[in-house]
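**Q** Sharing a structure, written as structure tokens. Questions coming.
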Amino acid sequence: MAQIARLRATCVPAAQEFAPPSTMIFLLFDISAKCFFPPTAGDRSPAVAFDSVAMSNCINQVQMVYDDFGQLITEYQSHDGAVNVLTTPKVQYTYADGSNNSIRQTGLVYPNGRTLTYSYGTANSLDDALSRTVSIIDDDSTHLVDYEYLGRSTFVTSTSPEPGIQWTLVGSSNDPDTGDIYTGLDRFGRVKDNRWHKEGTDLDRIKYGYDRASNRIWRENPVAQSYSAEFDEIYTYDGSHRLKDMARGTLNVGHTALTSQTFGETWNLDATGNWTAHTRDDDGDLTNDLVQARTANEVNEIGTITNSVGSSWAQPAYSPAGNMTTIPQPKDPSKEYLATYDAWNRLVKLEEEVSSTLETVSTYAYDGRKFQITQEEYTDGTIEETRHLYYNSGWQNLEDRLGTAPDSEAPHQHHIWGLRYIDNCLLRDRSTDSTLDERLYTLQDANWNVDAIVNGNGDTQEHYNYSLYGKITTLDDSFVHASPSRAWTILYCGYKAIKSQVMYMVRHRTLISTLGLWVSRDPIFRLINEQVRLIVEPGFTPLYSYASSKPLNHTDPSGLREIPCTGTPCHNYCPGSGRGPQVSNEYCSYLAWINGNCCTQIKIDLGKQCCESKGEVLNTCTWDRTGMATGLTIWTCKKPKWKGTTKANGCCKPGCGIFSATGDTKESCEAAAEKKCRNAGCHTPGEKPWNCKCSHTHCHPQ
């Protein structure tokens, strides 16, 4: 099967849009081992970025090592030059050895050596037999999280013993509607009561209501109500189930309207999801503080933004490749960022004009997997911080280091990820001195928004409230507006925030909360070459639209495809499914090779149609694992074998009848069938064709 081996830009324009940190990305694959492999022998394999087509200077490199089962065991991640296996930071994975009929993942080792253990319960227990992870245990034996399940793989409790907090869908008595104890779920399996508590006292609790199409139509926050804070919300939709308006305040008893309002927004959408009009009432006085009209061109780029109420916004501009090069600043849209992208449409620099001079705001760099590996933040044009990021194979940020020599630096922070979803962040350990001395746990709602963070004692440190497209408001433990004090960055839908919590780096793309859009086009809609077809599946978003204008009911953790998110886990997308971290990797990893989920009948039919369009037949159906087209199904086509028959009519010789044959082409198949007919004595020279005739020759692909 053909695979992407090299991606290169041989001619990089001098225009501002492009930056040349890497002009080639070099990838090689071993199909039988399902892994990257080097040009020479061995099981170590590079994903390398070079600064020239000549491949003379390696900028960064990722190198993988596999065990005899083809499982990834070591992932070296060099941010400056080639890998040195003695000094380069690495992420490691441990597995059962197969002696008990299992090779499930048992551990994860961070670059600094911290080891997490995945426990499957006591030997011969039901959890052990089903390979369900029941605990994630730190290397000091602290249980960071313990899980309980409904059925084989549905999470219903997630308990962190250290702070004494628990997320639960389980009630103390049967639900009057469903008749069972799972009071957090309605009769259709949708989350209706997302509860975090400590010893029975609610820390964060969000209740939801739905219409018949499973659109969320209200959101109630009882914990905020207990502080006399008004953070309930109510929503309406258009005929295509796209969000039309929302209002925030206090819900009435029937959840049909607000008794008082503190905020509101409306959207008018065209057929492809562009905002044609947008209003915002900032204080709930029912008078709009923003009345905005937008236009869009034929490829859904914003043409103009015009405010008839409210101050004027900066006008977005785009490059010919569709990247937004002028971005209204999310905190002050009257100002603009100037954005620079590399040849692979990745955001690499933000600048702003200060006193007629361009000053750098931030820069970003990526490795050959498309993972963002460095962030540089500037103040008044002077670099203030260089941050290096290290990941597991599921594109989850594990460890950050500060400084220009990351190989020798101590970690600045760790993220610990749970198994309920790809962006289920359990906690963050951060260094405020020279050790990871600050621990904060997250409380996430059913859309994976981080609603609050608590310390190791279970005391709330900050609450967060979001606009429906991710603009954040920080609140103190009593729901009073406050300035951020914890440098928290995992926020809206569990995405990583950049630039003072107003933009989100969501793996393949960057989301702008105030615009409700991605800054670049959906990377792949349809790519066709002679061997490999990459076809967009149902659910992929049109160009710039975030979550197809359905942000309450969908998330988009890859930046490529929205997924429904009203149940638990989130529509089985990157959930871990309760069967251990390996399953999460199979769903989410750039190395993913899914068999059970990639080749449904619908996808097979699409593959057949794709191949038949070029006169070929479907050969294989697999899932992209390169990181270059994550979220797409790959079909390979092959030239078909042809099979057909020739019928001998009016023949007086014995043995004449129907003759079959095969061939690589239709013509060779027909010729072979007729030859068989003639060889049997039919239609031989000298005989009259009407006495013995080989005819009715038909060949078709096998």
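Going by my numbering, the letters in the sequence shown line up with residues -11 to 690, in that order. Cβ coordinates follow ideal geometry from the N, Cα and C atoms, glycine included.
#1: Assuming Cys687 contacts Cys665 under a Cβ cut-off of 8 Å, what Cβ separation, rounded to an integer in Å, is found between them?
#2: Determine contact between the region 156 to 166 and the region 454 to 466, defined as no fewer than three beta-carbon pairs at a distance below 8 Å.
#3: Helix, strand or coil for Val336 per DSSP?
#4: Pull up the DSSP beta-bridge partners for Glu426, would you.
#5: What three-state label does DSSP hand Gln213 in the structure shown?
#6: Could you tell me the alpha carbon to alpha carbon distance between Ser466 and Ala212, rounded to whole angstroms?
#7: Do you know how far the Cα of Glu150 is from the Cα of Thr130?
#8: Have a look at Asn437 and Gly651 and give me their C-alpha separation to the nearest angstrom.
#9: Quick one: which unbroken beta strand (DSSP E) runs of 3-plus residues sit fully inside the region 231 to 294? Chain order, please.
#10: Buried or exposed: which applies to Lys626, given that a residue is buried once 16 or more other Cβ atoms fall within 10 Å of its Cβ?
#11: Do the CB positions of Gln49 and Val71 come within less than 8 Å of each other?
#12: Leaving out five residues before and five after Lys487 in sequence, what residues of the same chain have Cβ atoms less than 6 Å from its Cβ?
#13: Which residues mark the beginning and the end of the beta strand (DSSP E) in which Asn48 is found?
#14: Here's the rule: buried if 16 or more other CB atoms are within 10 angstroms of the residue's CB, otherwise exposed. What is Lys629?
#15: Can the beta-carbon of Leu231 be found closer than 8 Å to that of Pro552?
#16: Can you look up Asp134 in the DSSP assignment and give me helix, strand or coil?
#17: Using CA coordinates, which residue listed in Pro77, Val97, Gln59 and Arg389 is at the minimum distance from Gly86?
#18: Give me the Cα-Cα distance between Asp226 and Thr543, rounded to the nearest whole angstrom.
#19: Count the C-beta pairs between the region 395 to 409 and the region 358 to 370 that are closer than 8 Å, then say yes if the count reaches three, no if not.
#20: For Asp433, collect the residues of the same chain with a Cβ closer than 6 Å to its Cβ; drop the 5 residues on either side in sequence, then sort them by chain order.
#21: Looking at C-alpha atoms only, which residue of Thr283, Gly152 and Gly95 is the closest neighbour of Leu503?
#22: Report the option in Cys670, Thr267 and Asp271 whose CA atom is closest to the CA atom of Leu278.
#23: State the DSSP-derived secondary structure class of Pro316, mapped to helix, strand or coil.
#24: Give the straight-line distance between the Cα atoms of Gly310 and Leu257, rounded to the nearest whole angstrom.
#25: Which residues bound the beta strand (DSSP E) around Cys682?
#26: Given this structure, state the Cα-to-Cα distance separating Gly619 from Asn112, to the nearest angstrom.
#27: What did DSSP end up calling Pro394 once you bin it into helix, strand or coil?
#28: Skipping 5 residues on each side, what residues in its chain have a beta carbon closer than 7 Å to that of Tyr454?
#29: Taking CB distances under 8 Å as the criterion, tell me whether Thr156 reaches chain D.
#30: Name the residue from Asn412, Leu431, Asn443 and Arg408 whose alpha carbon lies nearest to the alpha carbon of Asp425.
#31: Residue range of the alpha helix (DSSP H) that Glu372 falls in?
#32: Between the alpha carbons of Thr145 and Gly159, how many angstroms are there, rounded?
#33: Can you say whether Leu335 is buried or exposed, counting buried as having 16 or more other CB atoms within 10 angstroms of its CB?
#34: So Arg389 and His403 are supposed to be a Cβ contact under 8 Å. How far apart are they, rounded?
#35: Can you tell me where the alpha helix (DSSP H) with Asn667 in it begins and where it stops?
#36: Within the same chain, show all residues whose beta-carbon is closer than 8 Å to that of Asn333, passing over the 5 residues directly before and after it, in chain order.
**A** Let me lay it out:
#1: Counting from one through the sequence shown, the residue named residue 687 turns up at place 699. Counting from one through the sequence shown, the residue named residue 665 turns up at place 677. With a contact defined as Cβ atoms closer than 8 Å, Cys687 and Cys665 miss out at about 13 Å.
#2: The count of Cβ pairs closer than 8 Å, one atom from the region 156 to 166 and one from the region 454 to 466, stays below three, leaving the stretches out of contact.
#3: Counted from its first residue, the sequence shown places residue 336 at position 348. In this structure, Val336 counts as strand in the three-state DSSP scheme.
#4: Counted from its first residue, the sequence shown places residue 426 at position 438. DSSP lists Arg418 as partners of Glu426.
#5: If you number the sequence shown from 1, residue 213 lands on position 225. Under the three-state reduction of DSSP, Gln213 is assigned to helix.
#6: Counting from 1 along the sequence shown, the entry for residue 466 is found at position 478. Counting from 1 along the sequence shown, the entry for residue 212 is found at position 224. Computed Cα separation, rounded: 8 Å.
#7: Locating residue 130 in the sequence shown gives position 142, counting from the first residue. Locating residue 150 in the sequence shown gives position 162, counting from the first residue. Rounded to the nearest angstrom, the two C-alpha atoms are 8 Å apart.
#8: Along the sequence shown, read from residue 1 onward, the residue named residue 437 stands at position 449. Along the sequence shown, read from residue 1 onward, the residue named residue 651 stands at position 663. Near 59 Å, if we compare the C-alpha coordinates of Gly651 and Asn437.
#9: 231 to 239, 246 to 257, 263 to 269 and 278 to 284
#10: Numbered from its first residue, the sequence shown carries residue 626 at position 638. When all chains shown are included, Lys626 counts as exposed.
#11: Taking the sequence shown and counting its residues from 1, one reaches residue 49 at position 61. Taking the sequence shown and counting its residues from 1, one reaches residue 71 at position 83. Remark: C-beta atoms of Gln49 and Val71 approach each other more closely than 8 Å.
#12: Translated into the one-based positions of the sequence shown, residue 487 becomes position 499. Result list for Lys487: empty, nothing under 6 Å.
#13: Within the sequence shown, the letter at position 60 stands for residue 48. Unbroken beta strand (DSSP E) run through Asn48: Cys46 to Tyr54.
#14: Within the sequence shown, residue 629 is the residue found at index 641, counting from 1. It is exposed - the Cβ of Lys629 has fewer than 16 other Cβ atoms within 10 Å.
#15: Stepping through the sequence shown from its first residue, residue 231 is reached at position 243. Stepping through the sequence shown from its first residue, residue 552 is reached at position 564. Cβ atoms of Leu231 and Pro552: not closer than 8 Å.
#16: Residue 134 sits at position 146 when you count from the first residue of the sequence shown. Asp134 falls in the strand class under three-state DSSP.
#17: The residue labelled residue 86 in the question sits at position 98 within the sequence shown. Nearest of Pro77, Val97, Gln59 and Arg389 to Gly86, Cα basis: Gln59.
#18: Start at 1 with the first residue of the sequence shown, and residue 226 comes out as number 238. Start at 1 with the first residue of the sequence shown, and residue 543 comes out as number 555. Their Cα atoms are separated by approximately 19 Å.
#19: Output reads no: the region 358 to 370 does not touch the region 395 to 409.
#20: If you number the sequence shown from 1, residue 433 lands on position 445. Excluding positions up to five away in sequence, the list reads Asn182, Ile194 and Asp439.
#21: Looking up residue 503 in the sequence shown gives position 515. Comparing Cα-Cα distances from Leu503 to each of Thr283, Gly152 and Gly95, the minimum goes to Thr283.
#22: The sequence position of residue 278 within the sequence shown is 290, counting from 1. Answer by Cα proximity: Thr267.
#23: What you label residue 316 is simply residue 328 of the sequence shown in a count that begins at 1. Strand at Pro316.
#24: Residue numbering aside, residue 310 sits at position 322 when the sequence shown is read from its first letter. Residue numbering aside, residue 257 sits at position 269 when the sequence shown is read from its first letter. So the two alpha carbons sit approximately 21 Å from each other.
#25: Taking the sequence shown and counting its residues from 1, the one referred to as residue 682 is at position 694. From DSSP, the beta strand (DSSP E) with Cys682 extends over Lys681 to Pro689.
#26: For the purposes of this step, residue 619 is identified with residue 631 of the sequence shown, where counting begins at 1. For the purposes of this step, residue 112 is identified with residue 124 of the sequence shown, where counting begins at 1. Any reading at Gly619 must be qualified, since the residue scores a pLDDT of 43, below 50, and its modelled position is unreliable; the value itself is stated next. When rounded, the distance between both Cα atoms is 36 Å.
#27: Reading the sequence shown from its first residue, position 406 is the one you call residue 394. Helix, per DSSP.
#28: The count along the sequence shown starts at 1 and reaches residue 454 at position 466. For Tyr454, where only same-chain residues beyond five positions count, the Cβ hits under 7 Å are Asn437, Ile460 and Tyr480.
#29: Note that chain D does not occur in the displayed structure, where there is just one protein chain.
#30: For the purposes of this step, residue 425 is taken as residue 437 along the sequence shown, with counting starting at 1. Among Asn412, Leu431, Asn443 and Arg408, the Cα nearest to that of Asp425 is on Asn443.
#31: To locate residue 372, count along the sequence shown from 1; it is residue 384. That residue, Glu372, is in no alpha helix (DSSP H); its beta strand (DSSP E) goes Thr370 to Tyr379.
#32: The residue labelled residue 145 in the question sits at position 157 within the sequence shown. The residue labelled residue 159 in the question sits at position 171 within the sequence shown. Near 11 Å, if we compare the C-alpha coordinates of Gly159 and Thr145.
#33: Locating residue 335 in the sequence shown gives position 347, where the first residue counts as 1. Flag for Leu335 reads buried.
#34: Your numbering for residue 389 matches position 401 in the sequence shown. Your numbering for residue 403 matches position 415 in the sequence shown. Contact flag wrong, Cβ pair sits at about 13 Å.
#35: For the purposes of this step, residue 667 is taken as the residue at position 679 of the sequence shown. Looking at the DSSP string, the run of the alpha helix (DSSP H) that includes Asn667 is Lys654 to Asn667.
#36: Locating residue 333 in the sequence shown gives position 345, counting from the first residue. Closer than 8 Å at Cβ, skipping near neighbours: Ala309, Gly310, Asn311, Ser508, Arg509 and Pro511.
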